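Asker: This is the structure I have questions about; it appears just below.
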Amino acid sequence: MQETYDAAAVERAAQQYWDERRAFEVNEHTERPKFYCLSMLPYPSGRLHMGHVRNYTIGDVLARFLRMQGYNVLQPMGWDAFGLPAENAAISNRVPPAQWTRQNINYMRAQMKSLGFAIDWRREIASCDPDYYRWNQWLFLRMLEKGLAYRKTGVVNWDPLDQTVLANEQVIDGRGWRTGALVEKREIPMYYLAITRYADELLQAIDTLNGWPERVRVMQANWIGRSEGCEIAFRYAPDTVQALGHDGALKVFTTRADTLFGATFMAVAAEHPLALAAARDNARLGAFIEECRRGSVIEAELATQEKKGMATGLHVLHPFSNTPLPVWVANYVLMGYGEGAVMGVPAHDERDFEFAQQQQLPVVMVVRPRDGSYAQVAAPWNPAYAHHGVTVNSGEFSGLTFQAAVDAIAAALEQRGLGRKRVQFRLRDWGISRQRYWGCPIPIIHCARCGAVPVPDADLPVLLPENLVPDGSGNPLAKSAAFYECSCPQCQGPARRETDTMDTFVDSSWYFMRYACPDSAQSMVDERAHYWLPVDQYIGGIEHAILHLLYARFWTRVMRALGLLKVAEPFSNLFTQGMVLNHIYSYQAQDGRKRYFNPADVAARRGADGSLVHEALVDGGRVVVVHEGLGKMSKSVGNGVDPEALVARFGADTARLFTMFAAPPDQTLEWSDEGVLGAARFLRRLWHAVYEHVQAGAVAPLEIASLDAAQRQLRRTVHQTIAKTSDDIGRRRSFNTAIAAVMELLNAVGRFADTRPQGRAVRQEALAMAVLLLSPITPHICHALWQALGFSVALIDTPWPKPDAAALEQEVHQIVVQVNGKLRGHITVPVQADEAAVRAAALADEHVKKFVADKPVRRVIVVPGKLVNVVV
RNA sequence: GCCCGGGUGGCGAAAUUGGUAGACGCAAGGGACUUAAAAUCCCUUGGAGGAAACUCCGUGCCGGUUCGAGUCCGGCCCUGGGCACCA
Numbered sequence: 007m008q009e010t011y012d013a014a015a016v017e018r019a020a021q022q023y024w025d026e027r028r029a030f031e032v033n034e035h036t037e038r039p040k041f042y043c044l045s046m047l048p049y050p051s052g053r054l055h056m057g058h059v060r061n062y063t064i065g066d067v068l069a070r071f072l073r074m075q076g077y078n079v080l081q082p083m084g085w086d087a088f089g090l091p092a093e094n095a096a097i098s099n100r101v102p103p104a105q106w107t108r109q110n111i112n113y114m115r116a117q118m119k120s121l122g123f124a125i126d127w128r129r130e131i132a133s134c135d136p137d138y139y140r141w142n143q144w145l146f147l148r149m150l151e152k153g154l155a156y157r158k159t160g161v162v163n164w165d166p167l168d169q170t171v172l173a174n175e176q177v178i179d180g181r182g183w184r185t186g187a188l189v190e191k192r193e194i195p196m197y198y199l200a201i202t203r204y205a206d207e208l209l210q211a212i213d214t215l216n217g218w219p220e221r222v223r224v225m226q227a228n229w230i231g232r233s234e235g236c237e238i239a240f241r242y243a244p245d246t247v248q249a250l251g252h253d254g255a256l257k258v259f260t261t262r263a264d265t266l267f268g269a270t271f272m273a274v275a276a277e278h279p280l281a282l283a284a285a286r287d288n289a290r291l292g293a294f295i296e297e298c299r300r301g302s303v304i305e306a307e308l309a310t311q312e313k314k315g316m317a318t319g320l321h322v323l324h325p326f327s328n329t330p331l332p333v334w335v336a337n338y339v340l341m342g343y344g345e346g347a348v349m350g351v352p353a354h355d356e357r358d359f360e361f362a363q364q365q366q367l368p369v370v371m372v373v374r375p376r377d378g379s380y381a382q383v384a385a386p387w388n389p390a391y392a393h394h395g396v397t398v399n400s401g402e403f404s405g406l407t408f409q410a411a412v413d414a415i416a417a418a419l420e421q422r423g424l425g426r427k428r429v430q431f432r433l434r435d436w437g438i439s440r441q442r443y444w445g446c447p448i449p450i451i452h453c454a455r456c457g458a459v460p461v462p463d464a465d466l467p468v469l470l471p472e473n474l475v476p477d478g479s480g481n482p483l484a485k486s487a488a489f490y491e492c493s494c495p496q497c498q499g500p501a502r503r504e505t506d507t508m509d510t511f512v513d514s515s516w517y518f519m520r521y522a523c524p525d526s527a528q529s530m531v532d533e534r535a536h537y538w539l540p541v542d543q544y545i546g547g548i549e550h551a552i553l554h555l556l557y558a559r560f561w562t563r564v565m566r567a568l569g570l571l572k573v574a575e576p577f578s579n580l581f582t583q584g585m586v587l588n589h590i591y592s593y594q595a596q597d598g599r600k601r602y603f604n605p606a607d608v609a610a611r612r613g614a615d616g617s618l619v620h621e622a623l624v625d626g627g628r629v630v631v632v633h634e635g636l637g638k639m640s641k642s643v644g645n646g647v648d649p650e651a652l653v654a655r656f657g658a659d660t661a662r663l664f665t666m667f668a669a670p671p672d673q674t675l676e677w678s679d680e681g682v683l684g685a686a687r688f689l690r691r692l693w694h695a696v697y698e699h700v701q702a703g704a705v706a707p708l709e710i711a712s713l714d715a716a717q718r719q720l721r722r723t724v725h726q727t728i729a730k731t732s733d734d735i736g737r738r739r740s741f742n743t744a745i746a747a748v749m750e751l752l753n754a755v756g757r758f759a760d761t762r763p764q765g766r767a768v769r770q771e772a773l774a775m776a777v778l779l780l781s782p783i784t785p786h787i788c789h790a791l792w793q794a795l796g797f798s799v800a801l802i803d804t805p806w807p808k809p810d811a812a813a814l815e816q817e818v819h820q821i822v823v824q825v826n827g828k829l830r831g832h833i834t835v836p837v838q839a840d841e842a843a844v845r846a847a848a849l850a851d852e853h854v855k856k857f858v859a860d861k862p863v864r865r866v867i868v869v870p871g872k873l874v875n876v877v878v
């Protein structure tokens, strides 16, 4: 064994050992229980960042821990390889996205290997591989057959200069990211997946996801957004029938049918057909509608925007009173939710109230105020106005409580054919068409005669040409005749291939299934997926709490309905790791632009007044930079730490140890160079402890019966550490405290100076256990130290230890004594001592006597094995 | 506006079921070794008082429950995140 710890050599040797033995390749033919440990697959951006390191280390710790516990652990890895950054890189580097992406994958795979993750690399997949994305296309066709996929016009962001569709993230302050031109909204035909058909199922099943963090479950439930209410039809008034030239009704959705008699107007969205019809011979209304449609795309702005509206001149009839109600166009009504129209009840809805105040519309109170809380509905708005209560002023429906009123009104409406109870979801169907090149082609052929024709299964996959280079204007596929020119599968006539590609969320909705059977040539998944699914532990960022996880749940249900899978839910347990933060330093450059400095390039010194001053070098001179606090590591503020440099300097084990130790894995992690040094120092100390021990020669077998008190004490610490570490990793996922416990153990070993044969035997056990317990976190150094300690079976094949109950036993233990709840002393009592004995010992303690003095003892509380509280 | 987290030393944090607040680590100060530096090792380190023994105070703020509260309850303040005119 070498005296000094050479991380690079140790890691090379360990990785070579695992590779040669194919240690992490798994199959389905084993008696051991399976465990599917999955980390979210990365986008191949070029290099790993610290978020990746943290994510994959958490997964790897669990995978290795469970492997040692006897599970058949699958830990796969792949690449979310389609998407916009490859096109952006292509524009600036003039390299096809495919080439850029594959280079990045190769580079990042090597980086991952250097971190020593226990991955079965035979199962690697990239979503840009035709063998993978052909099954996106295949399932899309099945969904088309079932009516789960359909075509409809949708709104996109359009850059008028580049003549191209922009993704939301390419729209900056309402302008195109490249051209700076004002972005327009355009309606084009797109494909949608009917996720709303699964809304109820997806919502209800959230209750079964016991292994998911509560906040993720809440976020998903809110996103699906189920509302119980009524749809109500308001028939056109005679003047409106005349104006439009036909009879009809305006449908609205409401959760407050009990307030129907308080409706004093109708409000419809700008895109509502009734608004458009009214605008045909009303130029002012047309202009207003145009203004609303043009308005801000950013939803947060919409929410705070001033309410605006304009009367259409049309009227509808109240279903019970037959009173005519004016129809308004209002900018606060969303076309995409409910019916795109609402009944305006200003007395009991804040938005309607605000609108009515502005437009001088009448306010009619139809819910009785709660005792004395208010006398009448008047400005300013009072949240009590919206409370559920007893109806008044509502004809035959007066005097009913909320639910009774809703039931009665809904029943009466239904009898007249003017409404019914209905559930409305906030969730909308998933638009998957992207007018982009680097994605999975949608397998549709457009024929002038036959319409949109699905590509026959036999012609799959529709291959994406990999040699195109986008130039920023439009979709290169739409300019590539070799791609879009084709013949109609039905009539054989000339036709045009669909040039839109799929949203990359499609790719990531089922990749974890394909890992189970990456070579399945005849089907999307095969019986091996039944073995591995569901994923037992999924690990990833909270930023995917809604979309990715919801889409994957939906996709799983669709595949189950098609008989491809047996599970309803893909992920049994979900772990969301925290972000990695670092300091942000900025400086106003001479050109007026804000520049950021990497924290590694910033030096701190004490200023004249003793406060910290941060400085960085600019053109050879020092300038004072502004410390903007902590923020997520990202390119835009230049505060990233390169994992590769970290591994090169300290080794993978130090990188892994620091990221697991510095913070609980589900909370934010603040980067600290000193903390990294501390992790490296600990590993050197561990190495040195084993080195010293091994240098002293062979170790005698442990003779437990002959141990003295100090030896038994160290052994007890060893086995307590085994128990704590097992619980911390296995149940609590609290890796930082598991590491702290091993550090304490090593500190105890350091204080243990016994060099007699049995002393050395106890030390041997202590060091071996420290190495074993730490091995999921720092596998390379532990691999080497395990060998050095003389074990012939490799660490990777050694089972996780169990605490020895006998070693944990004690004859006496220390008990805390309090007087009136304040700590006053400690007593040592035999473990078998009964309550009376413990009580007597406590009262006999000198410190206790001092505080009790001559005051009468009112009560003594004894918590066995822990504490005594004397109440005086 | 609504829904979730979080608030504990100089810093990252620990305290798992209501039972010794601050484990473990970082930083800082002191010391050992060394020609010196690095590395390593040892000691101190929540605040106040005290020569010491020890005492008092202390987990964002106010109040409550309890023999006992960082932990439970009520009200507030600050902060991070998510959603956002969803009828």
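Quick note on the working numbering: the first sequence kicks off at 7 and runs consecutively.
For every residue, glycine included, the Cβ atom is placed at its ideal position computed from N, Cα and C.
Every value quoted in this text rests on a predicted model; they were computed, and no experiment measured them.
So the beta strand (DSSP E) residue 255 belongs to, where does it begin and stop?
Answerer: Start and end: 255-260.
Asker: When you compare each of 555, 316 and 238 to residue 422 by their alpha carbons, which one comes out closest?
Answerer: If we check each option's Cα against that of residue 422, 238 comes out closest.
Asker: Of the residues 845, 102, 800 and 63, which one's Cα is nearest the Cα of residue 443?
Answerer: Checked all of 845, 102, 800 and 63; the closest Cα to residue 443 is 102.
Asker: Could you give the first and the last residue of the continuous alpha helix (DSSP H) run that contains residue 193?
Answerer: Not the alpha helix (DSSP H): residue 193 falls in the beta strand (DSSP E), residues 190-199.
Asker: Suppose you measure from the CA of residue 17 to the CA of residue 791; what does that come to, to the nearest Å?
Answerer: Whole-angstrom Cα-Cα distance: 12 Å.
Asker: Using a Cβ distance threshold of 8 Å, determine whether the stretch 11-30 contacts the stretch 49-67, with at least three qualifying pairs required.
Answerer: Counting Cβ pairs under 8 Å, fewer than three are found: no touch.
Asker: Going by the DSSP bridge assignment, what does residue 667 pair with across the sheet?
Answerer: For residue 667, which the question treats as bridged, DSSP gives no partner whatsoever.
Asker: Hey, quick one: how far does the alpha helix (DSSP H) through residue 746 stretch, first residue to last?
Answerer: Note, residue 746: alpha helix (DSSP H), 741-757.
Asker: Threshold first: 4 residues or longer. Then list the alpha helix (DSSP H) segments lying entirely within the stretch 497-584, N to C.
Answerer: 510-513, 517-520, 533-538 and 553-567, all fully within the stretch 497-584.
Asker: For residue 84, which of helix, strand or coil comes out of DSSP?
Answerer: Residue 84 falls in the strand class under three-state DSSP.
Asker: Where residue 586 and residue 738 are concerned, what is the direct C-alpha to C-alpha distance, given to the nearest angstrom?
Answerer: Near 21 Å, if we compare the C-alpha coordinates of residue 738 and residue 586.
Asker: Mind checking whether residue 513 and residue 146 have CB atoms under 9 Å apart?
Answerer: No. Outside cutoff.
Asker: Going by DSSP, name the residue or residues bridged to residue 820.
Answerer: In DSSP, residue 820 forms a bridge with 834.
Asker: Go ahead and label residue 819 buried or exposed: buried means 16 or more other beta carbons lie within 10 angstroms of its beta carbon, across all protein chains shown.
Answerer: That one is exposed.
Asker: Using a threshold of 9 Å, state whether the C-beta atoms of residue 131 and residue 30 are closer than that.
Answerer: Cβ distance not < 9 Å, so residue 131 and residue 30 don't count as in contact.
Asker: Could you pull out every residue in the same chain whose Cβ sits closer than 7 Å to the Cβ of residue 527, ignoring the five residues on either side in sequence?
Answerer: None.
Asker: According to DSSP, what are the bridge partners of residue 316?
Answerer: Answer is 335.
Asker: Indicate whether residue 542 and residue 40 have their beta-carbon atoms separated by less than 9 Å.
Answerer: Yes, Cβ-Cβ distance for residue 542 and residue 40 is below 9 Å.
Asker: Among the residues of its own chain, which have a CB less than 7 Å from the CB of residue 628, if the five just before and after it don't count?
Answerer: Once the five neighbours on either side are set aside, the close Cβ partners of residue 628 are 621.
Asker: Quick check on the burial criterion: 16 or more other C-beta atoms within 10 angstroms. Buried or exposed for residue 730?
Answerer: Result: buried.
Asker: Which whole runs of the alpha helix (DSSP H) in the stretch 415-497 are 4 residues long or more, in chain order?
Answerer: Listed in chain order, they are 487-490.
Asker: Rounded C-beta distance between residue 79 and residue 69? I'm assuming under 8 Å.
Answerer: Residue 79 to residue 69, Cβ: 5 Å. Contact.
Asker: Look at the alpha carbon of residue 557 and the alpha carbon of residue 197, and state the distance between them as a whole number of angstroms.
Answerer: When rounded, the distance between both Cα atoms is 15 Å.
Asker: In whole angstroms, what is the alpha-carbon distance linking residue 591 and residue 659?
Answerer: Distance between the alpha carbons of residue 591 and residue 659: 29 Å.
Asker: For residue 272, does the three-state DSSP call read helix, strand or coil?
Answerer: Strand.
Asker: Just mark residue 420 as buried or exposed, buried being the case when its beta carbon has 16 or more other beta carbons within 10 Å.
Answerer: Classification of residue 420: exposed, given that the 10 Å Cβ count is below 16.
Asker: What whole-angstrom Cβ distance do residue 873 and residue 821 have, given they're in contact under 8 Å?
Answerer: About 6 Å; that satisfies the 8 Å criterion.
Asker: Could you tell me the alpha carbon to alpha carbon distance between residue 777 and residue 682, rounded to whole angstroms?
Answerer: About 20 Å.
Asker: Can you confirm whether the stretch 410-418 touches the stretch 467-475 when touching is taken to mean that 3 or more C-beta pairs between the two stretches lie within less than 8 Å?
Answerer: Segments in contact, no.
Asker: Residues bridged to residue 131 by DSSP?
Answerer: According to DSSP, residue 131 bridges with 84.
Asker: Please classify residue 34: does DSSP put it in a helix, a strand, or coil?
Answerer: DSSP places residue 34 in coil when its eight states are reduced to three.
Asker: Rounding to the nearest angstrom, what Cα-Cα distance links residue 827 and residue 865 in this structure?
Answerer: Cα-Cα distance, rounded: 12 Å.
Asker: Could you check the C-alpha separation between residue 749 and residue 632 for me, to the nearest Å?
Answerer: Each residue's Cα considered, the two are about 37 Å apart.
Asker: If I'm right that residue 471 touches residue 486 with Cβ under 8 Å, what's the distance once you round it to whole angstroms?
Answerer: With 8 Å as the limit, residue 471 and residue 486 qualify as a contact, their Cβ atoms being about 6 Å apart.
Asker: By Cβ distance, which residues of its chain are closer than 6 Å to residue 489, with the 5 residues on each side in sequence left out?
Answerer: Closer than 6 Å at the Cβ level, and outside the excluded window around residue 489, lie 471 and 483.
Asker: Whole-angstrom Cβ separation of residue 447 and residue 466, contact assumed at under 8 Å?
Answerer: Wrong, their Cβ atoms sit about 10 Å apart, outside the cutoff.
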